[in-house]
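**Q** Taking our numbering, the leading residue of the sequence shown gets 2, the next gets one more, and so forth. Think of the CB as a built atom: it goes at the ideal place given N, C-alpha and C, for glycine as much as any other residue. From a predicted model like this one, the values you see are computed outputs, not experimental measurements.
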Amino acid sequence: MDTILDTILDKHRNARRDALIPILQEVQEAKGFLSRESVAAIGEILNLPTSKIYGVATFYNQFRFSPLGAQHVQICRGTACHVKGSAAVLDALERELDIEAGQTTRDGQFSLEVVACIGACGLAPVISVNGEFHAGVLPEDVNNIINSYRVDEEVQADAK
């Protein structure tokens, strides 16, 4: 089994159901996401069916079930961004990346996350790529922004 997961679960051998969320948070912090194996192992420790664990984990949007891409794109859907058109920007991002919010591209380059507020209301609508903010984003800007972060597969091959 996974030594990181084992170490975390060993600390919680006598835990009860009320420890579920902290354990989920700790596993995700260490591993980057909640894998099926992690959820099953947590279920064994807490004597809970995986369906209950998924029920809790899917209720909170802080939990992920797939690894983040090398380029983690966050789009704000807070009030200011919504009013200024972030829904159309989200649609453009999903089309450009060929994924839905909460997913990672097959090549692992990009993940897309919707956040309730990114804390930059004056820049609305705003997206963040690995913490770098892009302000006043319009749907027609998405292609250029995403392309500026794409890693050329030939460049990757040369680097190896």
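Measure the alpha-carbon distance for Asp19 versus His73 and round it to whole angstroms.
**A** Residue 19 sits at position 18 when you count from the first residue of the sequence shown. Residue 73 sits at position 72 when you count from the first residue of the sequence shown. Each residue's Cα considered, the two are about 31 Å apart.
**Q** Is it the case that the region 79 to 91 contacts the region 40 to 50, given that we only count it when at least three CB pairs across the two stretches are under 8 Å?
**A** no
**Q** Can you tell me where the alpha helix (DSSP H) with Gln26 in it begins and where it stops?
**A** Numbered from 1 along the sequence shown, position 25 holds the residue referred to as residue 26. Here the alpha helix (DSSP H) through Gln26 covers Leu21 to Lys32.
**Q** Among the candidates Leu124, Ala42, Asp142 and Pro140, whose CA atom is the shortest distance from the CA of Phe134?
**A** In the sequence shown, counting from the first residue as 1, residue 134 sits at position 133. If we check each option's Cα against that of Phe134, Leu124 comes out closest.
**Q** Going by C-alpha distance, which of Ser39, Gln104, Ala89 and Glu97 is nearest Gly70?
**A** Start at 1 with the first residue of the sequence shown, and residue 70 comes out as number 69. Among Ser39, Gln104, Ala89 and Glu97, the Cα nearest to that of Gly70 belongs to Gln104.
**Q** Beta-carbon within less than 8 Å of Ile9's beta-carbon, same chain only, minus the 5 sequence neighbours each way: which residues are those?
**A** Stepping through the sequence shown from its first residue, residue 9 is reached at position 8. Listed in chain order, the non-local C-beta contacts of Ile9 below 8 Å within the same chain comprise Ile24, Glu27, Val28 and Ala31, local neighbours out to five positions each way being set aside.
**Q** Could you tell me the alpha carbon to alpha carbon distance between Ala136 and Ser149, rounded to whole angstroms?
**A** Indexing the sequence shown from 1 puts residue 136 at position 135. Indexing the sequence shown from 1 puts residue 149 at position 148. Going by the C-alpha atoms only, they are around 15 Å apart.
**Q** Is the Cβ-Cβ distance between Ile128 and Val90 less than 9 Å?
**A** As a working mapping, residue 128 is identified with position 127 in the sequence shown. As a working mapping, residue 90 is identified with position 89 in the sequence shown. Yes.
**Q** Out of Glu114, Gly132 and Ile5, state which residue places its alpha-carbon closest to the alpha-carbon of Ala121.
**A** Start at 1 with the first residue of the sequence shown, and residue 121 comes out as number 120. For Ala121, the closest of Glu114, Gly132 and Ile5 by C-alpha to C-alpha distance is Gly132.
**Q** Would you tell me roughly how many angstroms separate the C-alpha atoms of Lys118 and Ala41, rounded to the nearest one?
**A** Translated into the one-based positions of the sequence shown, residue 118 becomes position 117. Translated into the one-based positions of the sequence shown, residue 41 becomes position 40. It should be pointed out that residue 118 corresponds to Cys in this sequence rather than to Lys. Spanning the alpha carbons of Cys118 and Ala41 requires a straight line of approximately 32 Å.
**Q** Determine the direct distance from the alpha carbon of Phe34 to that of Leu6, and round the result to whole angstroms.
**A** Counting from 1 along the sequence shown, the entry for residue 6 is found at position 5. Counting from 1 along the sequence shown, the entry for residue 34 is found at position 33. Looking at the two C-alpha atoms, the distance is approximately 12 Å.
**Q** Taking the beta strand (DSSP E) that Ser112 falls in, what are its first and last residues?
**A** The sequence position of residue 112 within the sequence shown is 111, counting from 1. Looking at the DSSP string, the run of the beta strand (DSSP E) that includes Ser112 is Phe111 to Val116.
**Q** Given a threshold of 16 other Cβ atoms within 10 Å of its Cβ, counted over all protein chains shown, does Leu94 qualify as buried or as exposed?
**A** The residue labelled residue 94 in the question sits at position 93 within the sequence shown. Under this definition Leu94 is a buried residue.
**Q** Mind pulling the beta strand (DSSP E) runs of 3 or more residues that sit fully within the region 72 to 114?
**A** 72 to 77
**Q** From the DSSP output, which residues share a beta bridge with Glu133?
**A** Indexing the sequence shown from 1 puts residue 133 at position 132. DSSP lists Val130 as partners of Glu133.
**Q** Can you list, in chain order, the residues of its chain with a C-beta nearer than 7 Å to that of Gln75? Leave out the 5 residues immediately preceding and following it.
**A** Taking the sequence shown and counting its residues from 1, one reaches residue 75 at position 74. Cβ neighbours of Gln75 beyond the five flanking positions: Glu114, Val116, Ile119, Ile128 and Ser129.
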